[in-house]
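*Asks:* Structure provided below as C-alpha coordinates; questions to follow.
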(Lines of atoms letter the chains of each structure in order from A; the text may use other names.)
(Lines give C-alpha, C1' and ligand atoms only; values in the text may rest on other atoms or scores of the structure.)
Protein backbone atom coordinates (compact mmCIF):
# COMPACT_ATOMS: atom_id res chain seq x y z
CA UNK A 329 0.00 0.00 0.00
CA UNK A 330 1.08 3.55 -0.71
CA UNK A 331 0.87 5.72 2.40
CA UNK A 332 1.68 9.31 3.27
CA UNK A 333 1.75 11.06 6.63
CA UNK A 334 0.92 14.43 8.13
CA UNK A 335 2.58 15.46 11.39
CA UNK A 336 0.76 18.33 13.10
CA UNK A 337 3.39 20.52 14.74
CA UNK A 338 2.11 24.07 14.29
CA UNK A 339 0.75 24.78 17.77
CA UNK A 340 2.12 27.21 20.33
CA UNK A 341 2.19 24.79 23.32
CA UNK A 342 0.84 27.65 25.40
CA UNK A 343 -0.07 25.50 28.41
CA UNK A 344 3.38 23.96 28.53
CA UNK A 345 5.17 27.27 28.18
CA UNK A 346 7.71 26.04 25.63
CA UNK A 347 7.49 24.07 22.38
CA UNK A 348 6.40 20.49 23.03
CA UNK A 349 7.77 19.70 19.58
CA UNK A 350 11.31 20.12 20.93
CA UNK A 351 11.07 18.18 24.17
CA UNK A 352 13.51 15.29 24.21
CA UNK A 353 12.02 11.81 24.41
CA UNK A 354 13.60 8.36 24.06
CA UNK A 355 14.36 8.97 20.37
CA UNK A 356 15.42 12.61 20.29
CA UNK A 357 13.20 15.65 19.87
CA UNK A 358 9.56 14.65 19.67
CA UNK A 359 8.94 16.08 16.22
CA UNK A 360 11.92 14.27 14.72
CA UNK A 361 10.98 11.02 16.48
CA UNK A 362 7.46 11.26 15.06
CA UNK A 363 8.76 11.84 11.54
CA UNK A 364 11.12 8.88 11.93
CA UNK A 365 8.26 6.64 13.13
CA UNK A 366 6.17 7.57 10.10
CA UNK A 367 8.99 6.91 7.67
CA UNK A 368 9.79 3.63 9.41
CA UNK A 369 6.19 2.53 8.85
CA UNK A 370 6.54 3.17 5.12
CA UNK A 371 5.01 6.63 4.84
CA UNK A 372 6.31 8.61 1.87
CA UNK A 373 5.88 11.52 1.57
CA UNK A 374 5.78 12.85 5.15
CA UNK A 375 4.58 16.42 5.69
CA UNK A 376 5.00 18.39 8.90
CA UNK A 377 2.98 21.53 9.56
CA UNK A 378 4.77 24.39 11.29
CA UNK A 379 3.42 27.63 12.69
CA UNK A 380 4.06 29.20 16.09
CA UNK A 381 7.64 28.00 16.58
CA UNK A 382 8.53 27.35 12.93
CA UNK A 383 12.03 28.79 13.04
CA UNK A 384 13.05 26.71 16.05
CA UNK A 385 11.32 23.49 14.98
CA UNK A 386 12.30 23.45 11.29
CA UNK A 387 15.88 22.20 11.87
CA UNK A 388 14.39 19.09 13.52
CA UNK A 389 12.29 18.15 10.49
CA UNK A 390 14.80 16.22 8.41
CA UNK A 391 13.05 13.59 6.33
CA UNK A 392 9.83 15.58 5.97
CA UNK A 393 8.42 18.33 3.79
CA UNK A 394 7.63 21.46 5.82
CA UNK A 395 4.20 23.03 5.33
CA UNK A 396 3.95 26.60 6.71
CA UNK A 397 0.60 27.31 8.38
CA UNK A 398 -0.10 31.03 8.54
CA UNK A 399 -3.45 30.43 10.28
CA UNK A 400 -2.02 28.12 12.95
CA UNK A 401 -3.77 30.11 15.71
CA UNK A 402 -7.14 29.01 14.28
CA UNK A 403 -6.56 25.55 15.71
CA UNK A 404 -5.67 22.04 14.69
CA UNK A 405 -8.25 21.99 11.91
CA UNK A 406 -6.39 24.73 10.02
CA UNK A 407 -3.11 22.87 10.41
CA UNK A 408 -4.67 19.61 9.23
CA UNK A 409 -6.26 21.28 6.20
CA UNK A 410 -2.91 22.80 5.20
CA UNK A 411 -1.15 19.46 5.51
CA UNK A 412 -3.82 17.65 3.51
CA UNK A 413 -3.71 20.26 0.76
CA UNK A 414 0.05 19.78 0.44
CA UNK A 415 -0.28 15.99 0.51
CA UNK A 416 -2.95 15.93 -2.19
CA UNK A 417 -0.93 18.29 -4.38
CA UNK A 418 2.14 16.07 -4.11
CA UNK A 419 0.59 12.75 -5.04
CA UNK A 420 -2.62 11.39 -6.47
CA UNK A 421 -1.97 7.71 -5.87
CA UNK A 422 -2.01 7.22 -2.09
CA UNK A 423 -4.09 4.53 -0.43
CA UNK A 424 -4.16 6.42 2.85
CA UNK A 425 -2.38 8.79 5.21
CA UNK A 426 -1.24 8.64 8.82
CA UNK A 427 -2.46 11.56 10.95
CA UNK A 428 0.01 12.26 13.73
CA UNK A 429 0.79 14.77 16.44
CA UNK A 430 4.28 15.36 17.73
CA UNK A 431 3.72 15.22 21.48
CA UNK A 432 3.47 11.47 22.04
CA UNK A 433 6.89 10.42 23.35
CA UNK A 434 6.22 6.67 23.27
CA UNK A 435 5.01 6.64 19.65
CA UNK A 436 7.05 4.18 17.60
CA UNK A 437 7.03 2.65 14.16
CA UNK A 438 5.52 -0.48 15.71
CA UNK A 439 2.40 1.43 16.77
CA UNK A 440 1.92 2.71 13.22
CA UNK A 441 2.49 -0.76 11.78
CA UNK A 442 -0.29 -2.02 14.05
CA UNK A 443 -2.60 0.67 12.65
CA UNK A 444 -1.61 -0.25 9.10
CA UNK A 445 -2.24 -3.96 9.76
CA UNK A 446 -5.71 -3.24 11.19
CA UNK A 447 -6.55 -0.94 8.28
CA UNK A 448 -5.49 -3.49 5.70
CA UNK A 449 -6.94 -6.55 7.44
CA UNK A 450 -10.41 -5.08 8.02
CA UNK A 451 -10.79 -3.01 4.85
CA UNK A 452 -12.08 -0.19 7.08
CA UNK A 453 -12.27 3.50 6.17
CA UNK A 454 -9.74 4.27 8.91
CA UNK A 455 -7.79 2.73 11.75
CA UNK A 456 -7.28 4.66 14.97
CA UNK A 457 -5.95 4.39 18.47
CA UNK A 458 -8.80 4.05 20.96
CA UNK A 459 -8.73 5.48 24.48
CA UNK A 460 -11.67 4.82 26.78
CA UNK A 461 -13.79 3.86 23.78
CA UNK A 462 -13.04 7.02 21.80
CA UNK A 463 -11.06 7.18 18.55
CA UNK A 464 -8.04 9.49 18.37
CA UNK A 465 -4.57 9.84 16.94
CA UNK A 466 -2.38 8.26 15.80
CA UNK A 467 -4.73 7.28 13.00
CA UNK A 468 -4.58 6.02 9.42
CA UNK A 469 -7.30 7.35 7.11
CA UNK A 470 -8.25 6.05 3.68
CA UNK A 471 -7.43 8.30 0.74
CA UNK A 472 -11.10 8.40 -0.20
CA UNK A 473 -11.84 10.38 2.99
CA UNK A 474 -8.98 12.88 2.79
CA UNK A 475 -10.87 15.38 0.63
CA UNK A 476 -13.74 15.42 3.13
CA UNK A 477 -11.31 15.87 5.98
CA UNK A 478 -9.62 18.79 4.24
CA UNK A 479 -12.86 20.51 3.25
CA UNK A 480 -14.40 20.51 6.71
CA UNK A 481 -11.09 21.21 8.45
CA UNK A 482 -11.93 18.50 10.92
CA UNK A 483 -14.72 20.73 12.25
CA UNK A 484 -12.01 22.69 14.02
CA UNK A 485 -11.00 19.60 15.99
CA UNK A 486 -8.59 17.91 13.64
CA UNK A 487 -9.65 14.40 12.62
CA UNK A 488 -11.70 13.69 15.73
CA UNK A 489 -15.12 14.35 14.19
CA UNK A 490 -14.47 12.10 11.20
CA UNK A 491 -12.99 9.26 13.25
CA UNK A 492 -15.98 9.32 15.59
CA UNK A 493 -18.61 9.58 12.83
CA UNK A 494 -20.81 6.45 13.01
CA UNK A 495 -20.91 6.40 9.22
CA UNK A 496 -17.13 6.01 9.05
CA UNK A 497 -15.96 2.45 9.63
CA UNK A 498 -12.94 2.80 11.90
CA UNK A 499 -10.86 -0.18 13.01
CA UNK A 500 -9.89 -0.04 16.67
CA UNK A 501 -6.35 -0.37 17.97
CA UNK A 502 -6.74 -0.41 21.74
CA UNK A 503 -4.27 1.10 24.17
CA UNK A 504 -1.81 2.24 21.51
CA UNK A 505 1.39 3.35 23.18
CA UNK A 506 2.15 7.04 23.15
CA UNK A 507 -1.48 8.03 23.48
CA UNK A 508 -1.46 10.80 26.04
CA UNK A 509 -0.23 14.18 24.88
CA UNK A 510 1.55 16.22 27.53
CA UNK A 511 -0.15 19.60 27.95
CA UNK A 512 1.47 20.88 31.13
CA UNK A 513 5.09 20.84 32.34
CA UNK A 514 4.21 17.99 34.73
CA UNK A 515 2.63 15.94 31.95
CA UNK A 516 5.61 16.48 29.70
CA UNK A 517 8.04 15.48 32.44
CA UNK A 518 6.17 12.21 32.89
CA UNK A 519 6.56 11.32 29.21
CA UNK A 520 9.80 12.93 28.08
CA UNK A 521 12.71 14.03 30.17
CA UNK A 522 11.44 17.62 29.95
CA UNK A 523 14.60 18.90 28.31
CA UNK A 524 14.24 21.19 25.30
CA UNK A 525 16.30 20.07 22.31
CA UNK A 526 19.02 22.58 21.52
CA UNK A 527 20.23 20.85 18.35
CA UNK A 528 18.61 18.51 15.87
CA UNK A 529 19.31 14.83 16.52
CA UNK A 530 21.93 13.29 14.29
CA UNK A 531 20.95 10.57 11.85
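Residue numbers (the numbering used here): 329 to 531. Note that beta-carbon positions come from the ideal geometry of N, C-alpha and C, so glycine has one too.
Below 8 Å CB to CB, which residues in the same chain sit around residue 381 once its five sequence neighbours on both sides are set aside?
*Replies:* Around residue 381: 340, 341, 347, 349 and 350.
*Asks:* Note down the Cα distance separating residue 446 from residue 345, rounded to an integer number of angstroms.
*Replies:* So the alpha carbons of these two residues sit roughly 37 Å apart.
*Asks:* Could you tell me if residue 401 is buried or exposed, where buried requires 16 or more neighbouring beta carbons within 10 angstroms of its beta carbon?
*Replies:* With fewer than 16 Cβ atoms within 10 Å of its Cβ, residue 401 is classed as exposed.
*Asks:* When you compare only the Cα positions, how much space is there between residue 492 and residue 368?
*Replies:* Distance between the alpha carbons of residue 492 and residue 368: 27 Å.
*Asks:* Just verifying my parser: in three-state terms, what is the DSSP assignment at residue 441?
*Replies:* Note: residue 441 maps to helix in three-state DSSP.
*Asks:* What does the alpha-carbon distance come out to for the pair residue 362 and residue 473?
*Replies:* Approximately 23 Å between the Cα atoms of the pair.
*Asks:* If you drop the 5 nearest sequence neighbours on each side, which residues of the same chain put their C-beta closer than 8 Å to that of residue 271?
*Replies:* In the structure as shown, the chain begins at 329 and stops at 531. Residue 271 is therefore absent and cannot be evaluated.
*Asks:* Ordered along the chain, which non-local residues of its own chain (more than five positions away) have a Cβ less than 8 Å from that of residue 359?
*Replies:* Contacts found: 335, 337, 349, 350, 376, 385, 388, 389 and 430.
*Asks:* Nearest CA to the CA of residue 378: which residue from 479, 396 and 488?
*Replies:* Ranking the options by Cα distance to residue 378, first place goes to 396.
*Asks:* Is residue 341 helix, strand or coil when you go by DSSP?
*Replies:* Residue state, collapsed to three classes: coil.
*Asks:* Would you identify the three-state DSSP class for residue 385, choosing helix, strand or coil?
*Replies:* Residue 385: helix per DSSP, three-state reduction.
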